[in-house]
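The opening position of the sequence shown corresponds to residue -12 in our numbering, with each subsequent residue numbered one higher. Virtual Cβ for every residue (Gly too), placed ideally from N, Cα, C. Bear in mind the structure is a predicted one, so any value in this text is a computation, not a measurement.
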Amino acid sequence: TILTHNYSKVVQETTLVSKPLPQPQREIKDLNEQLKTIQKIQEQYVSFSEILFYLSKSIPQGVIINSLEIDRVSKTVNIKGKAGLREDFLNFKENLTSSKIFTDPEFPISSILEKENITFDIKTGLNLEALNQLNK
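In structure tokens form, the structure reads like this:
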């Protein structure tokens, strides 16, 4: 009868849906999952050598960096050091402020007011997107 025939057809279709994936499709699915995992890892990757490269380009003559802390999670950089003269420090300040990689640098006012032998502790944000764009 027609009802029995339709019932058999529905049973066959649902059986096909619930069958396990054929081997090639399963391998493709597994590969796609691995690629997603790799992509997540790459998105979290921070090239510390690139950060050091761009920071070194910002450091003028007369400025010495004593300590550098890079926090990948909070996307911040803490730079401690010394500048021989105020002019050297102000050049460093200008270089960091105009950088696309270092964002919203905080310079202690006491460091800006000193004339020479300036000890500084600078906190700045880190724009990883800009860093990645510069490296493409």
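Assigned secondary structure, residue i (DSSP; H/G/I helix, E/B strand, else coil)
{"i": "F76", "result": "helix"}
{"i": "P95", "result": "coil"}
{"i": "S54", "result": "strand"}
{"i": "I25", "result": "helix"}
{"i": "L(-11)", "result": "The residue asked about is misnamed: residue -11 is Ile in this sequence, not Leu. Residue state, collapsed to three classes: helix."}
{"i": "I88", "result": "coil"}
{"i": "V60", "result": "coil"}
Proximity winner among the options, relative to residue i (alpha-carbon distances)
{"i": "I52", "options": "V60, D58, D17 and S43", "result": "S43"}
{"i": "T111", "options": "N119, F94 and F40", "result": "F94"}
{"i": "I96", "options": "K69, L115, I88 and F107", "result": "F107"}
{"i": "S98", "options": "T63, K16 and L72", "result": "L72"}
{"i": "I88", "options": "G49, E30 and V64", "result": "V64"}
Inter-residue CB distance, residue i and residue j (contact presumed, cutoff 8 Å)
{"i": "P92", "j": "I105", "result": "Actually they are not in contact, since the Cβ atoms of P92 and I105 sit about 15 Å apart, beyond 8 Å."}
{"i": "F76", "j": "S45", "result": "With 8 Å as the limit, F76 and S45 do not qualify as a contact, their Cβ atoms being about 12 Å apart."}
{"i": "N82", "j": "P47", "result": "7 Å"}
{"i": "L113", "j": "K62", "result": "4 Å"}
Residue i versus residue j: straight-line alpha-carbon distance, rounded
{"i": "Q26", "j": "E74", "result": "44 Å"}
{"i": "N119", "j": "I66", "result": "21 Å"}
{"i": "P9", "j": "E116", "result": "41 Å"}
{"i": "S36", "j": "I57", "result": "11 Å"}
{"i": "S(-5)", "j": "V60", "result": "58 Å"}
Run of the beta strand (DSSP E) containing residue i, from where it starts to where it stops
{"i": "I109", "result": "E103 to L113"}
First through last residue of the alpha helix (DSSP H) which encompasses residue i
{"i": "S43", "result": "F35 to S45"}
Any chain B beta carbon closer than 8 Å to residue i
{"i": "V60", "result": "No chain B is part of this structure, which consists of one protein chain only."}
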